[in-house]
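Below is one structure, written out as structure tokens, with a few remarks after it.
Numbering (my numbering), first residue to last: 1 to 169.
Set out below in structure tokens:
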């Protein structure tokens, strides 16, 4: 996407600042007891993605300058890079790992998901991590190419994994 932005005549680094300012303006006056999370979407139209690449080029500014409490980050495929950018997440922010695909029907194993969470916990303490699908199951009216039964199985797998990793809360 950064190359597409440059091809359109804009500087992606300047746009990051514009977007951060716009988001901060939108959420800046929220009540003190309101939690605000931001999903960084890579595209999800009929199971297709728009962008790829790790979070490293934008991580420091995003994690430190955005006035949100949590980040919903897509980490379901190698397109998102590794977890090292999470080292830049401040101690007062939470990370929701989108490690369950909403695009592919294959059901992730509990062990594979738990390993991914353990990898992320090298950078952000487990008590500030959560997990979720990487995006919505129907980001567009046509949805994604997976059935309702698969969606339910994936949500159940998230619960099963969360209970194994974090236990009952």
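Just so it is clear, CB atoms sit at the ideal spot from N, CA and C, and this is done for glycine as well.
Would residue i and residue j qualify as a contact pair, given that the criterion is a beta-carbon distance under 7 Å?
i: residue 120; j: residue 97; result: yes
i: residue 164; j: residue 110; result: yes
i: residue 4; j: residue 74; result: no
i: residue 60; j: residue 88; result: yes
Of all the options the options, which has the alpha carbon lying nearest to the alpha carbon of residue i?
i: residue 58; options: 68, 35 and 20; result: 20
i: residue 157; options: 124, 28 and 105; result: 105
i: residue 62; options: 37, 78 and 79; result: 37
i: residue 107; options: 11, 115, 27 and 155; result: 155
i: residue 31; options: 167, 67, 125 and 55; result: 67
i: residue 95; options: 80, 39, 79 and 77; result: 39
i: residue 131; options: 10, 76, 25 and 85; result: 76
For residue i and residue j, I'd like the C-alpha separation in whole angstroms.
i: residue 122; j: residue 100; result: 19 Å
i: residue 23; j: residue 146; result: 32 Å
i: residue 159; j: residue 149; result: 15 Å
i: residue 91; j: residue 137; result: 30 Å
i: residue 8; j: residue 18; result: 16 Å
i: residue 129; j: residue 6; result: 34 Å
i: residue 28; j: residue 34; result: 11 Å
i: residue 116; j: residue 56; result: 18 Å
i: residue 126; j: residue 65; result: 23 Å
i: residue 80; j: residue 167; result: 27 Å
i: residue 41; j: residue 72; result: 9 Å
i: residue 10; j: residue 25; result: 22 Å
i: residue 86; j: residue 124; result: 6 Å
Our contact map puts residue i next to residue j with C-beta atoms below 8 Å; I'd like the distance itself, whole angstroms only.
i: residue 70; j: residue 103; result: With 8 Å as the limit, residue 70 and residue 103 do not qualify as a contact, their Cβ atoms being about 22 Å apart.
i: residue 54; j: residue 82; result: 7 Å
i: residue 114; j: residue 161; result: 6 Å
For chain B, check one thing: does any of its Cβ atoms lie closer than 7 Å to the Cβ of residue i?
i: residue 113; result: Absence of chain B from the displayed structure is noted, only one protein chain being present.
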